[in-house]
Amino acid sequence: MFNTTIDDWSPLITYSPAGYWAQSVAGEPGLTEFFGKSYTKTSSPGASASFTFNGTGIHIFGVTSKRVGGSYTVNLDGMIPTVVDATALSASPRENQWVLFNITGLQQTHHTVTVTNADASIYIDYICWWWTLGSGESEKELPPEKNEDTDSQFFWHPADAWKNPPSNHSQFYNETRHNARIRLGDLRSLPGDAVFIFGTSGPQHGNYTVWLDGISSWTFSANRNTYETNVTLFQANNLGNGVHTLSLVNGDGGGLLEIDYALSYTDPSLAPPDSSWVFPTVY
1 MFNTTIDDWS
11 PLITYSPAGY
21 WAQSVAGEPG
31 LTEFFGKSYT
41 KTSSPGASAS
51 FTFNGTGIHI
61 FGVTSKRVGG
71 SYTVNLDGMI
81 PTVVDATALS
91 ASPRENQWVL
101 FNITGLQQTH
111 HTVTVTNADA
121 SIYIDYICWW
131 WTLGSGESEK
141 ELPPEKNEDT
151 DSQFFWHPAD
161 AWKNPPSNHS
171 QFYNETRHNA
181 RIRLGDLRSL
191 PGDAVFIFGT
201 SGPQHGNYTV
211 WLDGISSWTF
221 SANRNTYETN
231 VTLFQANNLG
241 NGVHTLSLVN
251 GDGGGLLEID
261 YALSYTDPSL
271 APPDSSWVFP
281 TVY
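Everything in the sequence shown is counted per the UniProt record's numbering, starting at 1 for the first residue and increasing by one.
Put into structure tokens, the structure is as follows:
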């Protein structure tokens, strides 16, 4: 069984409505107590954080304030929401990295979990979820294949829109990455039944759309108060054998889209020899 962790600033987490959540500020006291030295918080009634994953279990870690008290609800796959007493999670005024919600034993399929504040003070720290691939019998023998942005499997269109800037190279895999500010798609060919695309988020970043097998997926936002590297921009698993297509398309707002590398997994029991990822340009 695999497990994957994303920090609170991941574009894969949708915080809404806009303006109801606040991001931590670099250098503020107490950040070292949080995973990745960051959090996203709210005290606004009705504020929600949603995450969609393909897996068998999930833990959402965070902080609640005993001084504020109150409660929040958790909704999984549209079922009746579970009401959680925020004061029951911690024995001290503020306790870091408590489990705000957890569940295991789910069917390996897509699930959506939404945390909605009622009248509590909630800090989202990070999310960890578990997933299997195919039969699960050979997972211990399935190290990921890593493809960086300069590999031959990566094609960037239009070529003059993507740049490999010289600054901050030490923060990136093999000290390279590609970025762009105009609307475009990027093209790759990778093997695998599961794929992860990594890049960055930050104050200059904007929205981007992911297309999988010709179908528009979600639109994500990589905009964040602080600049972060090694950010999971997209993930998908259990896509089966055969050829799949994937494109990341930058939004129209002129924001930055920055891509560093990809990880892919192939289950030999499912994938024929010619199974591969093909990432066509989408405009």
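Glycine included, each C-beta is placed from N, C-alpha and C at the ideal position.
Note that the structure is a prediction, hence the values are computed from the model and not measured.
Let me confirm a value: Asn3 is counted as buried when at least 16 other C-beta atoms fall within 10 Å, else exposed. Which label applies?
exposed
Please report how far the alpha carbon of Gln204 lies from the alpha carbon of Ser38, in whole angstroms.
18 Å
Going by DSSP, name the residue or residues bridged to Tyr72.
Val84, Asn117
Going by the beta-carbon positions, is the gap between residue 284 and Ile103 smaller than 8 Å?
Here the chain comprises residues numbered 1 to 283, so residue 284 is not present and cannot be evaluated.
Around the Cβ of Trp131, are there at least 16 other Cβ atoms within 10 angstroms (buried) or fewer (exposed)?
buried
I need the DSSP call for Gly62, collapsed to helix, strand or coil.
strand
Tell me whether the region 18 to 30 and the region 44 to 62 touch, counting them as touching only if at least three CB pairs, one residue from each stretch, are closer than 8 Å.
yes
Our contact map puts Asp252 next to Tyr126 with C-beta atoms below 8 Å; I'd like the distance itself, whole angstroms only.
That belief does not hold up - the Cβ atoms of Asp252 and Tyr126 are roughly 31 Å apart, past 8 Å.
Grab the span of the beta strand (DSSP E) containing Val210 for me, first residue to last.
207 to 212
With C-beta atoms as the reference, is Leu248 less than 8 Å away from Tyr208?
yes
What residue range is occupied by the uninterrupted beta strand (DSSP E) comprising Phe35?
Per DSSP, Phe35 belongs to no beta strand (DSSP E) and is neither H nor E.
Should Trp9 go down as buried or exposed, given a rule of 16 or more other Cβ atoms within 10 Å for buried?
buried
Quick one: residues in its chain with C-beta nearer than 6 Å to the C-beta of Thr82, no 5 flanking neighbours on either side, listed in chain order?
Val74
DSSP on residue 285, reduced to helix/strand/coil?
Any question about residue 285 goes unanswered here, given that the chain covers just 1 to 283.
Leaving aside the five residues before and after Thr219 along the sequence, list all residues of the same chain whose C-beta is less than 6 Å from its C-beta, in chain order.
Asn207, Thr209
Presumed contact (8 Å Cβ cut-off) between Trp129 and Gly36, rounded CB distance
Between Gly36 and Trp129 the Cβ distance is about 16 Å, and since that is not below 8 Å, they are no contact.
Rounded separation between Phe101 and Thr114 - CA only:
10 Å
Just verifying my parser: in three-state terms, what is the DSSP assignment at Ala49?
strand
Give me whichever residues DSSP pairs with Tyr126 in a beta bridge.
Asp7, Phe61
So, is Val25 buried or exposed, given that buried needs 16 or more other C-beta atoms within 10 angstroms?
exposed
Could you check if Gly240 is buried or exposed, using at least 16 other CB atoms within 10 Å of its CB as the buried criterion?
exposed
For Trp98, report the span of its beta strand (DSSP E) as first-last.
98 to 103
Of the residues Thr232, Arg224, Asn230, the one placed nearest Gly255, counting alpha carbons only
Arg224
Going by the beta-carbon positions, is the gap between Ile124 and Thr226 smaller than 8 Å?
no
What did DSSP end up calling Trp131 once you bin it into helix, strand or coil?
strand
For Leu184, does the count of other Cβ atoms within 10 angstroms reach 16, so buried, or fall short, so exposed?
With a pLDDT of 43 at Leu184, under the threshold of 50, the modelled position of that residue is not reliable, and the figure given next carries that caveat. That one is buried.
On the DSSP letters alone, give me the boundaries of the beta strand (DSSP E) that Thr14 sits inside.
13 to 16
What is the rounded straight-line gap between the Cα of Gly69 and the Cα of Trp98?
15 Å
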